[in-house]
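Here the structure comes first, spelled out in structure tokens, and everything after it is commentary.
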Amino acid sequence: MALLELKDITAGYDKNVILKDLDFQVEQGELVSLLGSSGCGKTTTLRLIAGFSTPMSGKFIFNGKDYTQVPLNKRNFGFVFQSYALFPHMTVFDNVAFGLKMRKMPAEQIKKEVMEMLETVDLDGFEKRFPREMSGGQRQRVALARALVIKPDLLLLDEPLSNLDAKLRVKMRVEIRRLQQKFGFTAIYVTHDQEECFAISDKVAIMNHGVIEQMDSPSVIYNHPRTEFIAQFVGFENFLDLKPLDSQGLYQTSDGGRIQIDDGGNKSSTRACIRPEDILIVQEGMPAVNLVTGEVMVSTFLGKRNQYNVRTAIGEFEVSTDQESVYKAGDKVTLSLTPNKIILL
Amino acid sequence: MLEKKTKIYWLFILPGCLFLTFFMLIPLFSLIFKTFMDEGGAFSLGNYFALLESTYFKQVFWRSIRLSLISTAVCAVLGFPTAYYISKYAKNKGMLMALAVFPMFTSPVIRSFSWMVILGKKGIVNDLLVQSGIVAKPISLLYNEFSMVVGFIQLFLPLMILSLIGIMDNISDDLNLAAGSLGASRMEVFRQVILPLSIPGLVTGSVLVFTGCLTAYTTPQLLGGTDTRVLATLIYQQAMSLGDWTQASAVAVVMIVITILVSHVINRISRKLNPTI
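First to last, the sequence lines map onto chains A and B.
Heads up: the first sequence is residues 1084 to 1428, going by the working numbering.
Heads up: the second sequence is residues 206 to 482, going by the working numbering.
As structure tokens, this is what we get:
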């Protein structure tokens, strides 16, 4: 059974519904990301799980118990804020010790646990500093230590890295993953950064307009997006309308041509997608299948690769290639859509 | 280039400075100087020794301090929850803030007269007390320390509330939530996070209220009696009724010194409670 389960959750503010009949499950020990653009409901979902707000309807089951009405301070969940939310009037030590003090742990033990945790996040020697005397990355680690030291049943992270510069972000996400695997805690991670979330998660749930469109491992989402929204989100730029012809993967395109698709997904689908880098420009003597002819509209030099926007009878294609020959706008080209790279939606 | 220009800019503050120098600093300091002279013009602390020896002055002095401290404490106790509610929970914040500062829009004279109506022998409070049988006949609620404190509180509570709201608005809600998620109850969130972080506002508010109470003249004059004089009314009495400007100035100097001292002490205490200020 899942450790955490959201059942039919509807949530929002006043008349503004943000989450509609949301279902969501997380297994013990998993790091699950909620990914989506701003306003998709990912932060609302996280804050609801944390107990910062209550749903209008639906149930939140945690560890077999109904947590829907359990108050925030009784949940034993760690929360890492985008703003870090460190207590500015307390030292690093007191910040990290706060949760343990609330749990009435003896002072000696608090000291031991806090120092151990600060060492784990590489902040030993900083215990007497105040948050304002530290850099963004250090504050982030204090925030992590503060949430982890209470040995939370669940760790919730709300865009924890978005205030850091690019280099530090990569370093910290490895750090978060390391800590998560070291302690084996279950975590939910909210982000709008696709790369970050694919790098760190066991599973990714992509949200759109308050519903989860797909929840799978990063590689499944990357290679087999289930909806057009997700396909666009993970870099599929080209979409085709199709008519299935047989059960062997033969399809008819909108201009009556035929293409072969190897994807074993939904065979009766009428829509498919392909990434720009999976389309080849056919040259003399090259064996190729799934041919589409067209004319280059725009040619863009991208350094390592060239990008072409090609207009064909079945729509405009974006093609990204590292082939040597260069085409100009107006050139006639023949495209080959690699059969095992076309994904049915 | 910029540095050359800034040299000219100080001319802009010159008119203000001159005005203050001639019409405030010079008269003020000449008064202060006179308090340190004897009748012959030589340096002397005689005026201050005279104050120290006067039982009447000492009575007025301690009454002023006591009433100001009581009013400050009551303003803090009343103002804190009000400010917290307005800052964190209120939906119609602008409206409530306008209501909170509304007393400041009327003159202290009018307000004091209103209190006379309310607290007088035939006022609403006495009517209620007599009718409900709590007291047999009307008690005197006016022209004593009680009515003065009531007047002070109404006069200065807005300052406390405004100072606190200013600071509380800057306390991020995430801090409350963070403390809660770490296991703190509402009471503990308040004690460990809200209260210490509100101290700068409490300090500003307390200094404003205390100095306001100590230097207020209209309210104690109208709501106090002849046997409840405070420093401000004493100064008036000395200067205007008795014509003793030197003695009045000496009292004024004492008042300024207390104000500075108390602000300093309140600041020190707050620094102890919240080292990040």
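We treat Cβ as the ideally placed atom computed from N, Cα and C, and that holds for glycine.
Original post:
Is the beta carbon of leucine 1169/A less than 8 Å from the beta carbon of valine 1225/A?
Top reply: Locating residue 1169/A in the first sequence gives position 86, counting from the first residue. Locating residue 1225/A in the first sequence gives position 142, counting from the first residue. Cβ atoms of leucine 1169/A and valine 1225/A: closer than 8 Å.
**OP:** Jot down the residue ranges of each uninterrupted alpha helix (DSSP H) in the stretch 304 to 343 of chain B, minimum 4 residues, whole runs only, in chain order.
**Re:** Taking only runs of at least 4 residues, the alpha helix (DSSP H) segments lying wholly in the stretch 304 to 343 of chain B are 313 to 324, 329 to 336.
Subject >> Segments assigned beta strand (DSSP E), at least 3 residues, entirely inside the stretch 1244 to 1283 of chain A >> reply: The qualifying runs are 1270 to 1274.
Original post:
According to DSSP, is glutamine 1331/A helix, strand or coil?
Top reply: Your numbering for residue 1331/A matches position 248 in the first sequence. DSSP places glutamine 1331/A in coil when its eight states are reduced to three.
Original post:
Any idea what DSSP makes of arginine 1394/A, helix, strand or coil?
Top reply: Within the first sequence, the letter at position 311 stands for residue 1394/A. Here arginine 1394/A sits in strand by DSSP.
**OP:** Kindly indicate which three-state DSSP category valine 265/B falls into: helix, strand or coil?
**Re:** Translated into positions along the second sequence, residue 265/B becomes position 60. Here valine 265/B sits in helix by DSSP.
Original post:
Three-state secondary structure (DSSP) at glutamate 1407/A?
Top reply: In the first sequence, residue 1407/A corresponds to position 324, counting from 1. Glutamate 1407/A falls in the coil class under three-state DSSP.
Original post:
From Tyr1272/A, Lys1326/A, Gly1398/A, Glu1320/A, pick the residue whose C-alpha is nearest to that of isoleucine 1132/A; which is it?
Top reply: One-based indexing of the first sequence puts residue 1132/A at position 49. For isoleucine 1132/A, the nearest C-alpha among the options comes from Tyr1272/A.
Original post:
What residues in the stretch 1166 to 1192 of chain A have a beta carbon less than 7 Å from any beta carbon of chain B?
Top reply: So the close ones are Ser1166, Ala1168, Phe1170, Pro1171, His1172, Phe1181, Gly1182, Met1185, Arg1186.
Original post:
Just reading off the beta strand (DSSP E) that phenylalanine 1160/A is part of, what are its end residues?
Top reply: Counting from 1 along the first sequence, the entry for residue 1160/A is found at position 77. 1160 to 1163 is the extent of the beta strand (DSSP E) around phenylalanine 1160/A.
Original post:
Just how far apart, CA to CA, sit lysine 293/B and methionine 373/B?
Top reply: Working through the second sequence from its first residue, we reach residue 293/B at position 88. Working through the second sequence from its first residue, we reach residue 373/B at position 168. When rounded, the distance between both Cα atoms is 8 Å.
Subject >> Contact residues within the stretch 385 to 403 of chain B, judged by C-beta distance below 7 Å to chain A >> reply: Per Cβ criterion, the list reads Gly385, Ser386, Leu387, Gly388, Ala389, Ser390, Glu393, Val398, Pro401, Leu402.
Subject >> Proximity below 8 Å, CB of leucine 272/B to CB of valine 394/B >> reply: To locate residue 272/B, count along the second sequence from 1; it is residue 67. To locate residue 394/B, count along the second sequence from 1; it is residue 189. Result no, Cβ atoms of leucine 272/B and valine 394/B do not sit closer than 8 Å.
Original post:
Looking at the C-beta of alanine 383/B, does it have a partner C-beta in chain A at a distance below 8 Å?
Top reply: Sequence index remark: in the second sequence, residue 383/B carries index 178 (1-based). Interface residue, yes.
Subject >> Short CB-CB distance (under 8 Å) between serine 377/B and chain A >> reply: In the second sequence, the residue the question calls residue 377/B occupies position 172. Chain A contact via Cβ: present.
**OP:** Classify threonine 260/B as buried or exposed, calling it buried when 16 or more other Cβ atoms lie within 10 Å of its own Cβ.
**Re:** The count along the second sequence starts at 1 and reaches residue 260/B at position 55. Burial call: exposed.
**OP:** Determine the extent of the alpha helix (DSSP H) in which proline 379/B is found, giving its start and end residues.
**Re:** On the second sequence, residue 379/B is found 174 positions in, with the first residue counted as 1. For clarity, residue 379/B is aspartate in the given sequence; the question names proline instead. Unbroken alpha helix (DSSP H) run through aspartate 379/B: 378 to 386.
Original post:
Where do the N-terminal and C-terminal ends of the beta strand (DSSP E) with glutamate 1378/A fall, by residue?
Top reply: Residue mapping note: residue 1378/A aligns to position 295 of the first sequence, counting from 1. Start and end: 1374 to 1384.
Subject >> Limits of the alpha helix (DSSP H) - the one that valine 435/B falls within >> reply: Along the second sequence, one-based indexing puts residue 435/B at 230. No residue range can be given for valine 435/B, since it is assigned to no alpha helix (DSSP H) and is classified by DSSP as neither H nor E.
Original post:
Which of the residues in the stretch 1267 to 1295 of chain A, read from start to end, lie with their CB under 9 Å from any CB of chain B?
Top reply: Those residues of the stretch 1267 to 1295 of chain A that come within reach of chain B (Cβ to Cβ, closer than 9 Å) do not exist; the list is empty.
**OP:** With a threshold of 16 other CB atoms inside 10 Å of the CB of isoleucine 339/B, please say whether the residue is buried or exposed.
**Re:** Numbered from 1 along the second sequence, position 134 holds the residue referred to as residue 339/B. Counting Cβ neighbours within 10 Å, isoleucine 339/B comes out exposed, since fewer than 16 surround it.
Original post:
Quick one: does leucine 1087/A have its CB under 8 Å from some CB of chain B?
Top reply: Residue 1087/A sits at position 4 when you count from the first residue of the first sequence. Interface criterion not met: the Cβ of leucine 1087/A is under 8 Å from no Cβ in chain B.
Original post:
Any contact of the stretch 1315 to 1322 of chain A with the stretch 1143 to 1162 of chain A, i.e. 3+ C-beta pairs under 8 Å?
Top reply: Using a Cβ-Cβ distance cut-off of 8 Å, the stretch 1315 to 1322 of chain A and the stretch 1143 to 1162 of chain A are not in contact, since fewer than three pairs of beta carbons, one from each stretch, lie closer than that value.
**OP:** Please decide whether asparagine 1156/A counts as near chain B, where near means a Cβ-Cβ distance under 8 Å.
**Re:** Here residue 1156/A is taken as the residue at index 73 of the first sequence, counted from 1. By this cut-off, asparagine 1156/A is an interface position.
**OP:** Can you give me the Cβ contacts of methionine 1139/A inside the same chain, cut-off strictly under 7 Å, excluding the 5 residues immediately before and after it?
**Re:** Taking the first sequence and counting its residues from 1, one reaches residue 1139/A at position 56. The answer, listed in chain order, is Thr1093, Ala1094, Gly1095.
Subject >> Nonlocal neighbours in the same chain, by C-beta distance under 7 Å from valine 1294/A, ignoring five residues either side >> reply: As a first step, residue 1294/A must be located in the first sequence, where it is residue number 211. Excluding positions up to five away in sequence, the list reads Lys1103, Leu1105.
**OP:** Give me the Cα-Cα distance between phenylalanine 248/B and serine 352/B, rounded to the nearest whole angstrom.
**Re:** If you number the second sequence from 1, residue 248/B lands on position 43. If you number the second sequence from 1, residue 352/B lands on position 147. Each residue's Cα considered, the two are about 41 Å apart.
Original post:
Which residues share a DSSP beta bridge with methionine 242/B?
Top reply: Sequence index remark: in the second sequence, residue 242/B carries index 37 (1-based). Methionine 242/B is bridged to Phe248/B.
Subject >> From Pro308/B, Leu382/B, Leu324/B, residue whose alpha carbon lies closest to that of leucine 360/B >> reply: Position 155 of the second sequence, counting from 1, holds the residue named residue 360/B. Nearest of Pro308/B, Leu382/B, Leu324/B to leucine 360/B, Cα basis: Pro308/B.
Original post:
Can you find at least 3 beta carbon pairs, one from the stretch 1208 to 1224 of chain A and one from the stretch 413 to 433 of chain B, that sit closer than 8 Å?
Top reply: Short answer: they don't touch.
Subject >> tryptophan 215/B burial status per 10 Å Cβ neighbour count (16 or more: buried) >> reply: The count along the second sequence starts at 1 and reaches residue 215/B at position 10. Flag for tryptophan 215/B reads exposed.
Original post:
Do proline 1370/A and serine 1403/A come within 8 Å of each other at the CB atom, strictly closer than that value?
Top reply: Here residue 1403/A is taken as the residue at index 320 of the first sequence, counted from 1. Here residue 1370/A is taken as the residue at index 287 of the first sequence, counted from 1. With respect to the 8 Å criterion, serine 1403/A and proline 1370/A are not classified as neighbours on the basis of their beta carbons.
**OP:** Could you check the C-alpha separation between phenylalanine 238/B and leucine 219/B for me, to the nearest Å?
**Re:** In the second sequence, counting from the first residue as 1, residue 238/B sits at position 33. In the second sequence, counting from the first residue as 1, residue 219/B sits at position 14. Cα to Cα, the separation comes out at about 25 Å.
**OP:** Could you tell me whether the Cβ atoms of phenylalanine 1164/A and valine 1197/A are closer together than 8 Å?
**Re:** The count along the first sequence starts at 1 and reaches residue 1164/A at position 81. The count along the first sequence starts at 1 and reaches residue 1197/A at position 114. No. Outside cutoff.
**OP:** Output the distance between the C-alpha atoms of threonine 1376/A and valine 1416/A, rounded to the nearest integer angstrom.
**Re:** Locating residue 1376/A in the first sequence gives position 293, where the first residue counts as 1. Locating residue 1416/A in the first sequence gives position 333, where the first residue counts as 1. Rounded to whole angstroms, the separation of the alpha carbons of valine 1416/A and threonine 1376/A is 6 Å.
Original post:
Which term fits glutamate 1199/A, buried or exposed, when burial requires 16 or more other beta carbons within 10 angstroms of its beta carbon?
Top reply: Here residue 1199/A corresponds to residue number 116 of the first sequence, with the count starting at 1. Per the 10 Å Cβ criterion, exposed.
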